[in-house]
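Participant: In full-length UniProt numbering, the protein residues as written are 1 to 267.
We put the CB at the ideal spot given by N, CA and C, even for glycine.
Bear in mind that the values here come from a model prediction, so they are computed numbers and not experimental data.
1. Can you give me the Cβ contacts of residue 233 inside the same chain, cut-off strictly under 8 angstroms, excluding the 5 residues immediately before and after it?
2. By Cβ distance below 8 angstroms, which residues in the same chain neighbour residue 262 in space, the five residues on each side in sequence not counted?
3. Can you tell me whether residue 26 is buried or exposed, with buried defined as 16 or more other CB within 10 angstroms of its CB?
4. Under 8 angstroms by Cβ, that's how I've got residue 220 and residue 251 pegged, so tell me the actual separation to the nearest angstrom.
5. Pick helix, strand or coil for residue 205, following the three-state DSSP scheme.
6. Between residue 3 and the rest of its own chain, which residues show a CB-CB distance below 6 angstroms, the 5 nearest in sequence each way excluded?
7. Across which residues does DSSP place residue 70 in a beta bridge pair?
8. Could you tell me if residue 13 is buried or exposed, where buried requires 16 or more neighbouring beta carbons within 10 angstroms of its beta carbon?
9. Considering Cα atoms alone, identify which of 84, 248 and 19 is closest to residue 68.
10. Just tell me which of 103, 37 and 21 has its CA closest to the CA of residue 79.
11. Going by DSSP, which residues form a beta bridge with residue 142?
12. In chain order, what residues of the same chain have a beta carbon less than 8 angstroms from the beta carbon of residue 114, not counting five sequence neighbours either side?
13. Taking three-plus beta-carbon pairs below 8 angstroms as touching, is the stretch 101 to 109 in contact with the stretch 117 to 124?
14. Taking the alpha carbon of residue 6 as the point to measure from, which residue in 109, 148 and 72 has its own alpha carbon closest?
15. Give me the Cα-Cα distance between residue 235 and residue 112, rounded to the nearest whole angstrom.
16. Quick check: residue 32 and residue 211, are their CB atoms within less than 8 angstroms of each other?
17. Can you tell me whether residue 9 is buried or exposed, with buried defined as 16 or more other CB within 10 angstroms of its CB?
18. Look up residue 76 in the DSSP assignment and say whether it is helix, strand or coil.
19. Between residue 18 and the rest of its own chain, which residues show a CB-CB distance below 7 angstroms, the 5 nearest in sequence each way excluded?
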C-alpha cells in the first residue's frame, strides 16, 4: 500500500487544473496524446533505441518537473486537491516498445495501427496506479523491418499539460452534466505546426495530436497538427453510442472533399 501522504506536497491545484482533474476522476475525459514519427539515416537496434529514449526521458523529467507530479485527492475541490511529487519513477512501467505489423505509412496514407493504438490508449486513465506511476506514459511504436524510424506517442493527464505542452515535451525529448444539451456539435483544436530543428541526424516527420472523446463536450472533436514534413493530420474522436458511425464517416468525407477543393483551387 502506497502512503501518498508522505509524498512531497507541491501546491494546491488551480481552478482550471481542478476542472481537468475532476473530469478525469469522473471518467468524463481521460487523457491527451501527441504522436510524432522520428527517423534517422543510420539503422538502430531496438535495445539501442530503448537506451536512447530512457536517457532522454531522464533529462526531460529533470527539466520539466511537472512530469514527476501527480494529482492527489482528485475528487476534491480547491484547495483540498493538490499536486505532489513522486519519490521515484520507474521508466520501465510507463514506457513500452510495441512492434508494428506493417511498415510506417507513406505521405498521404492513413495509419491504421496508430489509430488502433490511440483508440486503446484514450480509454485508459491514470486512476489505477496513483502513487506508483506518473500521470503520463510513452508508447514507442517501432517499425518491423525499417530500423531507422519509429513513432513516439506521448499520452498524458490533461491536468498536467495541454496539447501545446505535449508538443513541447516531445520536442525536448529529442532536442456540465451528463444528459444536458451539448453546446456545440463539434469542436476543433489546432496546435499548429510542430516546429523543431533536426539534430544529430534525427528527422521529424508526421505529427498527430489526439484527444479522448468527451462525455459532456461536443459530439465530435477534431484535433489538428502539422508535422515538420508539412503533412496536415486531422484526428476525429467521438464516443460510441453517442454519434452514429455513418454520420462521422459523412463528416470525415465532407472535410476531406473540402480540403481537397482548397488545395486544387477554383475551377
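Facilitator: On the basis of the supplied data:
1. Taking the first residue of the chain shown as position 1, residue 233 is located at position 233. Within the same chain, residue 233 has close Cβ partners 206, 207, 208, 209, 224, 225, 226 and 227.
2. Numbered from its first residue, the chain shown carries residue 262 at position 262. Cβ within range, chain order: n/a, list empty.
3. Looking up residue 26 in the chain shown gives position 26. The residue in question, residue 26, is exposed, as its Cβ has fewer than 16 Cβ neighbours within 10 Å.
4. Position 220 of the chain shown, counting from 1, holds the residue named residue 220. Position 251 of the chain shown, counting from 1, holds the residue named residue 251. So it is a contact: roughly 6 angstroms between Cβ atoms.
5. Here the question's residue 205 lines up with position 205 in the chain shown. Residue 205: strand per DSSP, three-state reduction.
6. Residue 3 sits at position 3 when you count from the first residue of the chain shown. Cβ neighbours of residue 3 beyond the five flanking positions: none.
7. The residue you call residue 70 lines up with position 70 of the chain shown. Bridge partners of residue 70: 84.
8. Position 13 of the chain shown, counted from the first residue, corresponds to residue 13. Residue 13 comes out buried.
9. Along the chain shown, one-based indexing puts residue 68 at 68. Looking at the Cα atoms, 84 is the closest of the given residues.
10. For this step, residue 79 is matched to residue 79 along the chain shown. Comparing Cα-Cα distances from residue 79 to each of 103, 37 and 21, the minimum goes to 21.
11. As a first step, residue 142 must be located in the chain shown, where it is residue number 142. Its beta-bridge partners are 99 and 150.
12. Taking the first residue of the chain shown as 1, we reach residue 114 at position 114. Cβ neighbours of residue 114 beyond the five flanking positions: 35, 141, 151, 153 and 208.
13. no
14. Locating residue 6 in the chain shown gives position 6, counting from the first residue. Cα-wise, what sits closest to residue 6 is 72.
15. Sequence index remark: in the chain shown, residue 235 carries index 235 (1-based). Sequence index remark: in the chain shown, residue 112 carries index 112 (1-based). So the alpha carbons of these two residues sit roughly 12 angstroms apart.
16. To locate residue 32, count along the chain shown from 1; it is residue 32. To locate residue 211, count along the chain shown from 1; it is residue 211. Cβ atoms of residue 32 and residue 211: closer than 8 angstroms.
17. Residue numbering aside, residue 9 sits at position 9 when the chain shown is read from its first letter. So residue 9 ends up on the exposed side.
18. In the chain shown, counting from the first residue as 1, residue 76 sits at position 76. Note: residue 76 maps to coil in three-state DSSP.
19. Counting from one through the chain shown, the residue named residue 18 turns up at place 18. Excluding residues within five positions, the ones whose Cβ falls inside 7 angstroms are 77, 78 and 81.
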